[in-house]
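Each residue of the sequence shown is one higher than the one before, starting from 3 at the first, in my numbering.
First up is the structure itself, then whatever we jot down about it.
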Amino acid sequence: MRDTLVLNASFEPLSTVTLNRAVVLVLQDKAVVEQAHPELRMRGAAVDIPAPRVIRLCRYVRAPFRRQAPWSRRGVLVRDRHRCVYCGRRATTVDHVVPRAQGGQDTWLNTVAACAEDNHRKADRTPEEAGMTLLRVPFEPTPADAMLLALRQDDLDGLPEWLARDAA
3 MRDTLVLNAS FEPLSTVTLN RAVVLVLQDK AVVEQAHPEL RMRGAAVDIP APRVIRLCRY
63 VRAPFRRQAP WSRRGVLVRD RHRCVYCGRR ATTVDHVVPR AQGGQDTWLN TVAACAEDNH
123 RKADRTPEEA GMTLLRVPFE PTPADAMLLA LRQDDLDGLP EWLARDAA
């Protein structure tokens with residue numbers, strides 16, 4: 003299922019929606035297509051439009067301001083692009099840099115994506131105690147960053163330069 007990025011009328015990222023929802027918003031004249039998938043089209047009996055990749059709402063929507071993106075295991079995996087921070091292979095688990103057994107918390111700066119093998123090898127030790135190095139330092143994404151990171155890499159590559167540069 004492809005995700006479509008929804009921009010506010012002021013061009014700030016608001017959310018991602020399914021492709022079907024994006025088409026409905028466009029057909030109801032609540033949004034306009036800012037960027038479409040180059041080879042995909044949505045066709046119906048009386049409709050033939052490009053499949054939207056980025057849509058912009060026609061009216062400004064006042065969204066509640068959030069200072070932080072909420073932490074989640076899925077969010078950590080998405081932030082780290084499902085790559086283990088210890089070896090670079092596909093990550094399936096979340097590891098605590100400072101283990102919970104030593105007082106580590108579920109926070110953006112204390113959790114990283116890891117493959118099951120490295121997570122098991124590190125166990126209840128810090129990376130220094132286990133002799134393992136982090137390939138990337140964990141960071142706390144802003145809510146807009148988290149939204150853009152949730153898009154798949156092939157979708158992110160096709161975004162306009164001004165929008166993709168914020169997600170890199």
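Think of the CB as a built atom: it goes at the ideal place given N, C-alpha and C, for glycine as much as any other residue.
Residue environment, residue i, which counts as buried when at least 16 other CB atoms sit within 10 Å
i      : result
Val26  : exposed
Ala148 : buried
Leu7   : buried
Asp20  : The residue you asked about is not Asp; residue 20 is Thr in the sequence shown. Exposed: under 16 other Cβ atoms inside 10 Å.
Val63  : exposed
Lys32  : exposed
Thr113 : buried
Cys86  : buried
Beta carbon of residue i nearer than 9 Å to that of residue j
i     : j     : result
Val78 : Val96 : yes
Residue i - DSSP class collapsed to helix/strand/coil
i      : result
Gln104 : helix
Ala47  : coil
Ala11  : coil
Glu132 : Per the sequence shown, residue 132 should be read as Ala rather than Glu. Correct three-state label for Ala132: helix.
Val96  : strand
Val139 : coil
Val87  : coil
Closest Cα partner of residue i within the set the options
i      : options                      : result
Ala132 : Val56, Val35, His98, Arg76   : His98
Ala38  : Ala71, Arg69, Ile57          : Ile57
Asn22  : Phe13, Arg55, Pro40, Glu41   : Arg55
Ser74  : Arg127, Pro15, Gln107, Pro40 : Gln107
Thr144 : Leu59, Pro72, Arg43          : Pro72
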